[in-house]
Structure formats: structure tokens, C-alpha cells
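Note that numbering that gives the first Met the number 0 gives residue 108 to position 109 of the sequence shown, counting from 1, and the numbers run on in steps of one. Input: a single structure, listed below in C-alpha cells.
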Amino acid sequence: MLNDSHSSTTTTFVSDSSLVQSDDDDDKSETPVVPSKCATHMMGRLGQDPEVSTPRNDLETGGEDTDKQQRRNFVSLMEGLDLEHGIRYISYESELQMPSIMKLIQKDLSEPYSVYTYRYFIHNWPKLCFLAIDGTEMVGAIVCKLDVHKQVNRRGYIAMLAVDEKYRRKKIGSNLVLQSIKAMAAEEADEIVLETEITNKSALRLYENLGFVRDKRLFRYYLNGVDALRLKLWLK
């Protein structure tokens with residue numbers, strides 16, 4: 000899926016070749032290292048692991064007040080508000096938001112897409128598109144889909160992720176990914192996958208910090224000839 004040719008950013012995008020067959024493009028990949036399951040890790044990040052939500056002593060948390068504040072921030076984030084930076088997270092609502100989504104994503108897009116590419120994802124899976132809003136300005140967006148993979152698993156797919164350059168390093172990208180993971184988990188997804196350029200270190204770091212693991216390498220996946228890494232997160 001993804002990609003940003005600038006490794007210092009966290010912007011990720013879908014590749015043309017991935018629109019229909021990206022989940023099955025196994026003939027391009029090398030044999031992967033079998034990763035461990037990450038469901039427990041991710042459910043903890045989503046607040047669904049009882050052990051994660053159990054209060055701990057002040058020595059472990061750095062103080063009860065800090066722990067309480069972190070919990071309030073997490074709950075607010077899941078309800079759509081980032082207390083620390085004043086960013087609201089909302090679901091896609093209408094076609095009127097499409098120009099802003101396209102403008103935001105196309106700023107760093109190395110492979111141009113028509114409005115129909117965006118509509119394919121957003122109109123079919125509107126509940127899996129989330130936007131980050133600062134006041135009235137759209138500063139981040141994530142576009143995903145969820146369908147059945149090989150008639151077996153319900154596979155989520157992160158197609159596009161973009162954050163305005165002025166708003167990077169505020170965890171907006173991570174928060175958008177968390178919103179999408181929560182939504183796909185609620186729809187009983189078994190796993191979530193994505194692709195990113197092998198040279199995009201910041202994107203790799205973002206997703207791996209959220210529990211994704213490197214699953215396969217896809218050779219010359221992008222139009223610019225760069226290899227991709229497929230990342231995967233198991234939810235079950």
C-alpha cells in the first residue's frame with residue numbers, strides 16, 4: 000500500500016497495483032520470517048486487556064497523578080479528542096470532505112491517483128476513514144478497507160495515511176491508526192495488513208511501535224522501483 004519516498008515523514012499511500020490484488024501479491028515476496036502473534040499487545044493499546052488497565056504502584060507509573068492523566072488522555076482519544084494537542088478525530092461524513100482528503104494526501108504522493116481511487120475505498124468503507132481536525136482544518140487522514148481474504152480471514156487493510164507536515168511528531172498518525180484498528184476490531188477483523196516502502200524508516204517505526212510486524216518483502220512493488228515491506232497485525 001503505501002508510501003512516501005521521504006523517509007523522514009510518516010505519510011503512507013496505496014500503490015496502484017494494490018487496489019485490487021495487493022493482499023494476494025505473494026509471487027513478488029521473499030519467504031518471510033514467521034512472526035509472533037500480537038493480539039495481546041494490541042488489545043492492551045486499545046484498553047481491552049484487563050491487565051493493562053489494572054492500577055499499579057507509583058514507582059511503576061511515575062506517580063498516581065501522571066497515571067490518571069494518561070488514562071484520561073487515552074479515554075478522550077478513543078472518544079475522538081486529543082487533550083494534549085487539541086486535535087479532534089472524526090469519522091468520514093460526506094463527499095464534501097473528499098477534496099480536503101485528496102489535497103492532504105496528494106501533497107507527498109509519489110504516485111498520482113484519481114478521485115475514483117479515493118472513492119473506491121471511502122464509499123465502500125466509510126466507517127473506516129478517520130480524519131484529524133484542528134479547529135476547522137483537516138490535518139490528518141487514514142483510509143482503510145475490510146473484506147474476506149482467501150475466503151478465510153476477515154482482513155483489514157490500511158490503504159492511505161497522511162499527516163500535514165506542520166502537525167507531524169504529535170502522534171497524530173499513531174492516533175489515526177489506533178482509531179482504525181479499534182473500528183476494524185469492532186467489525187471482527189482477524190488481521191490488518193499494509194505495505195510501505197522499505198526505505199520509509201519513520202513509517203516502519205510508527206507501525207512497529209503499534210504492534211505490526213514485518214511479514215513479507217515485495218520486490219519492485221512501487222512504480223519507482225522501490226521494494227515494499229508488508230506489515231501485519233494479528234487481532235485474534
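Note that beta-carbon positions come from the ideal geometry of N, C-alpha and C, so glycine has one too. Being a predicted model, the structure only gives us computed values, none of them experimental.
ask   = Sorted by chain position, which residues of the same chain lie with C-beta nearer than 7 angstroms to Ala182's C-beta, five sequence neighbours on each side aside?
value = Lys126 and Leu127
inquiry  = With H, G and I counted as helix, E and B as strand and the rest as coil, what does DSSP make of Ser164?
reply    = This sequence places Glu at residue 164; Ser is not what is there. Three-state DSSP puts Glu164 in a helix.
request  = From the DSSP output, read off the bridge partner residues of Lys231.
outcome  = Val192 and Val212
His122 - containing alpha helix (DSSP H), residue span = Val114 to Asn123
key: CB of Val225 within 8 angstroms of CB of Glu187, strictly   = no
Status (buried if at least 16 other CB within 10 Å, exposed otherwise) for Ala185 = exposed
ask   = Quick one, which of Trp233, Lys235, Tyr220 and Tyr88 has its alpha-carbon nearest Gly139's?
value = Tyr88
Helix, strand or coil at Lys102 according to DSSP, with G and I counted as helix = helix
ask   = Hey, would you say Arg213 sits closer than 8 angstroms to Leu230, going by beta carbons?
value = yes
ask   = If we ignore side chains and look at the alpha-carbon of each, how far apart do His148 and Phe211 end up?
value = 18 angstroms
query = Is it buried or exposed for Thr116, if we count other Cβ within 10 angstroms and need 16 for buried?
reply = buried
inquiry  = DSSP three-state label for Leu175, please.
reply    = helix
ask   = To which residues does DSSP link Val151 through a beta bridge?
value = Val151 pairs with nothing; no bridge assigned.
query = Near Pro54, which residues of its chain fall below 6 angstroms by C-beta distance, leaving aside the five closest residues on each side in sequence?
reply = Confidence is the limiting factor: at Pro54 the pLDDT is only 36, short of 50, which leaves the residue's position unreliable and the question unanswerable from this model.
ask   = In three-state DSSP terms, what is Glu136?
value = strand
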